[in-house]
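Student: Listed in order, the protein sequences are those of chains W and Y.
Numbering of the first sequence is given in this note's numbering, commencing with residue 11 and proceeding in unit increments.
Numbering of the second sequence is given in this note's numbering, commencing with residue 48 and proceeding in unit increments.
Provided herewith is a single structure, encoded as structure tokens, for subsequent inquiry.
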Amino acid sequence: MKILVMAEHNGTTVESQTLAAIAAGVQIGSVEVLVAGHACSAVAERIAGLEGVERVWLADAPAFASQLAENVAALALELMPRFDAFVAPATSRGKAVAPRVAAILDVMQISDIVAVDGPRVFKRPIYAGNAIQTVESEEPKLVLTVRTSAFRPLGERAHVCEIVPVATVHELGLSELIGSDVVKSDRPELASAKIIVSGGRALRDAETFSRTLAPLADRLGAAIGASRAAVDAGYISNEYQVGQTGKIVAPEIYLAVGISGAIQHLAGMKESRVIIAINSDADAPIFQVADYGLVGDLFEAIPEILKQLAA
Amino acid sequence: MLEIVVQSRIVVLVKQVLDANVRPRVRPDGSGVDLAHLKLSMNPFDEIALEAAIRLKEQGAAQEVVALTVGRGKAQDTLRAALAMGADRSILVESEFELEPLAIAKTVRSVLADIEPVLVIAGKQAIDDDCHQTGQMLAALLGWGQALCASRIALSPDQVEVDCEVDNGRETLRLPLPAVVTTDLRLNTPRSISLPNLMKAKSKPLDIVASSTLGIDVRPRLKIVEVREPPVRSAGVRVHSAAEIAQVLKDLEAA
Ligand SMILES: Cc1cc2nc3c(=O)[nH]c(=O)nc-3n(C[C@H](O)[C@H](O)[C@H](O)COP(=O)(O)OP(=O)(O)OC[C@H]3O[C@@H](n4cnc5c(N)ncnc54)[C@H](O)[C@@H]3O)c2cc1C
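Structural data, given as structure tokens:
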């Protein structure tokens, strides 16, 4: 089977989700990657050196600068006659583009796959991860999005594959990007972090949230995450939300601080390798999934942990 | 005097799902999730979509809000709730079985031809199948633009401006009309339904169209092989001091 994987990138760097989507694609067939953007040849070159990639299609034009879903989907559809499957990471962009591709191909998409059971059989979570569905597609072409935390990215290799330019420009004029407010942080990305320190409603306010959790995150080289309650209360902005409607993460260590463990939150982090929870309520549901649980006041525990780590 | 009013309509797509506060139970035979006798409610993201549409009408940016659902007969309850919240009228496209997003998008497209909305607003995903597809598929089939995961919607006569929540922050999109917008949690807090409004809703129109009369092939494309409970995490240990947590972190870091 020939697979076209959509690359997630910001024009200069390849997001880790792309690597996971490629890893999923390799389990289904032979992978070629579509890079759409403007002045993004560095991205194409990097991807050409990745394990499992057999060809890179580079659509480099001003019309693709903001990677608008309508234009990128039209571009992917132009290439799809050569392919049996379109695979995108389940990122904001992937989730915007893939259903448009599926609808025009007149095939049903399979969203958020977490396992490849066969070339046409996939596992995916439903009901916020409270059930796992196994689905089989007999559609003439597959359209999939990939839950990237479920696939281990492949590495680099010594040789590079060919990069083929795509000349057609798709400028549908159906939407226009007029502003963006992108968060820049020195900390690791939530999606690829090895350790995540995550805070909930108990952190009181933005100042307390940051003053309490930032030193620990810095010490551990961790990303910061949050529950929806913490985001809604304005402690931190929404890109940090973990859960059914936020980021889905699976780090080596997830430290949940003052988070009760609602099912919608668990949906975003329960695949973490080790879960550590600190909560003053011994009955908090977070303890049902925690490998290590401390019942206690976080405002005493966090400073003490920092002190012990320094010792 | 006869006045010709240009109606600017918003169609809101709503879906009836297992209530967000009810824990889903997987049938032991692996055939699916058991919904019998459980509380069904409007998908929370659709409630937000409806609230957004009603507010746009209240601001004068639209004149009519139509709630549309594709589902089984009992989805009428969800449309009654939509009417009680403030939708002016509602349509149920009734089908015997649960339709997939592609079939829903095709069905909606066919129904929209008569309504000619300026905007379709839908939830970004339904919390049962978590597919995150219907709005985008509908937009593609209609050849319209899309703005997903909205946290702000500003509608003017010829365009809509939307703040979209994306992985690394926020993007503001401007779209010509008509267009499809999907909603995220932070767009608004839906109003609760008052008893008088629930009574009033009884007299608002609820049209039922049989899916079979639309001439669309809505048969399922995907085969559900099985549905299982996720693997459970084995129970962990309780530690008794912050020092123990620090030790665990040190050990894990060293590993
Ligand atoms: C459709 C839908 C989607 C949702 N999506 C998400 C999502 O993506 N992500 C998400 O997180 N939520 C989501 N939610 C919300 C979710 O249901 C919970 O409301 C939310 O996760 C609660 O956040 P919390 O644990 O921070 O707050 P709370 O539930 O209020 O928990 C706070 C915890 O802090 C503890 N605590 C208080 N003081 C201290 C102290 N001094 N020391 C230690 N512990 C203390 C308390 O014991 C309590 O357990 C969603 C809900 C719906 C309906």
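Glycine included, C-beta positions come from ideal geometry on N, C-alpha and C.
From the DSSP output, read off the bridge partner residues of Glu314/W.
Tutor: Paired residue(s): none; Glu314/W is not in a bridge.
Student: Ala152/Y versus chain W: which residues are under 8 Å apart at the beta carbon?
Tutor: Taking the beta carbon of Ala152/Y as reference, the chain W residues within 8 Å of it are Ala113, listed in sequence order.
Student: Could you name the residues that DSSP lists as bridge partners for Pro223/Y?
Tutor: Gln206/Y
Student: Check whether chain Y comes within 8 Å of Met16/W, counting only Cβ atoms and requiring the distance to be less than that.
Tutor: no
Student: Using DSSP with H/G/I as helix, E/B as strand and the rest coil, what is Gly303/W?
Tutor: strand
Student: With 8 Å set as the bound, which would you pick, yes or no: does the beta-carbon of Lys280/W sit closer than that to a beta-carbon of chain Y?
Tutor: Taking Cβ atoms only, chain Y reaches closer than 8 Å to Lys280/W, which makes this a yes.
Student: Check the Cβ-Cβ distances between Ala160/W and every residue of chain Y, and say whether any is below 8 Å.
Tutor: no
Student: Leaving aside the five residues before and after Ala320/W along the sequence, list all residues of the same chain whose C-beta is less than 7 Å from its C-beta, in chain order.
Tutor: none
Student: Can a CB atom of chain B be found closer than 8 Å to the CB of Pro277/Y?
Tutor: In the displayed structure, chain B is absent; the protein chains listed are W and Y.
Student: Any Cβ of chain W within less than 8 Å of the Cβ of Ile240/Y?
Tutor: no
Student: Which residues neighbour ligand 1 when neighbourhood means a C-beta less than 5 Å away from any of its non-hydrogen atoms? List them by chain order.
Tutor: Gly210/W, Arg211/W, Ala212/W, Ser237/W, Arg238/W, Ala239/W, Gly253/W, Gln254/W, Thr255/W, Gly256/W, Gly268/W, Ile269/W, Ser270/W, Ala272/W, Gln274/W, His275/W, Asn289/W, Ser290/W, Asp291/W, Ala294/W, Asp307/W, Leu308/W, Ala67/Y, Pro91/Y
Student: For Asn215/Y, go through chain W and note every residue whose CB falls closer than 7 Å to its CB, in chain order.
Tutor: Val192, Val193, Glu249
Student: Verify the CB distance criterion: does Ala194/Y have a CB-CB separation below 8 Å to chain W?
Tutor: Between Ala194/Y and chain W, the shortest Cβ-Cβ separation is below 8 Å.
Student: According to a CB-to-CB cut-off of less than 7 Å, which residues of the stretch 169 to 189 of chain W neighbour chain Y?
Tutor: Cβ contacts with chain Y come from Leu184, Ser185, Glu186, Leu187, Ile188, Gly189.
Student: If you run the structure through DSSP and keep just helix, strand and coil, what is His169/W?
Tutor: coil
Student: Which of the three DSSP states, helix, strand or coil, is assigned to Gln193/Y?
Tutor: strand
Student: Would you give the residue range spanned by the alpha helix (DSSP H) that Thr116/Y belongs to?
Tutor: Element bounds for Thr116/Y: not the alpha helix (DSSP H) but the beta strand (DSSP E), 111 to 118.
Student: Have a look at Glu291/Y, Ser250/Y, Leu202/Y and flag the residue whose alpha-carbon is nearest the alpha-carbon of Arg136/Y.
Tutor: Ser250/Y
Student: Check Gln106/Y in the structure and name its three-state DSSP category.
Tutor: coil
Student: Met246/Y lies in the alpha helix (DSSP H); which residues open and close that run?
Tutor: 242 to 248
Student: At what residue ranges does the stretch 237 to 275 of chain W contain a whole run of the alpha helix (DSSP H), taking only runs of 4 or more?
Tutor: 238 to 242, all fully within the stretch 237 to 275 of chain W.
Student: For a cutoff of 8 Å on Cβ pairs, would you count Leu253/Y as touching chain W?
Tutor: no
Student: In terms of alpha-carbon separation, which member of Ala216/W, Gly39/W, Arg162/W, Phe74/W lies closest to Lys151/W?
Tutor: Gly39/W
Student: Run the CB neighbour count on Leu154/W, radius 10 Å, all protein chains shown included, and call it buried at 16 or more, exposed below.
Tutor: buried
Student: Which residues of chain W have a Cβ atom closer than 7 Å to the Cβ of Pro71/Y, listed in chain order?
Tutor: Tyr137, Asn140, Ala141
Student: What separation, rounded to the nearest whole angstrom, lies between the Cα atoms of Thr222/W and Leu265/W?
Tutor: 13 Å
Student: Taking DSSP as the reference, what is the three-state secondary structure of Lys86/Y?
Tutor: In this structure, Lys86/Y counts as coil in the three-state DSSP scheme.
Student: Give a yes or no on whether 8 Å exceeds the smallest Cβ distance from Gln318/W to chain Y.
Tutor: So yes, Gln318/W belongs to the interface.
Student: According to the neighbour-count rule (16 or more other Cβ atoms, all chains shown, within 10 Å of its Cβ), is Phe144/Y buried or exposed?
Tutor: exposed
Student: Taking its Cβ as the centre, do 16 or more other Cβ atoms sit within 10 Å of Leu195/Y, making it buried, or is it exposed?
Tutor: It is buried - the Cβ of Leu195/Y has at least 16 other Cβ atoms within 10 Å.
Student: Rounded to a whole number of angstroms, what is the C-alpha to C-alpha distance between Arg217/Y and Leu202/Y?
Tutor: 18 Å
Student: Considering only the alpha carbon of each residue, which of Val113/Y, Gln183/Y, Lys247/Y, Ile271/Y lies closest to Leu165/Y?
Tutor: Correcting the residue identity first, residue 165/Y is Val in this sequence and not Leu. Between Val165/Y and the set Val113/Y, Gln183/Y, Lys247/Y, Ile271/Y, the nearest pair of CA atoms involves Val113/Y.
Student: I need the DSSP call for Met16/W, collapsed to helix, strand or coil.
Tutor: strand
Student: Within its chain, find whatever has a CB closer than 6 Å to the CB of Glu61/W; leave out the 5 residues flanking it on each side and keep chain order.
Tutor: Leu164, Gly165, Arg167
Student: Taking buried to mean at least 16 other C-beta atoms within 10 Å of its own C-beta, is Gln54/Y buried or exposed?
Tutor: exposed
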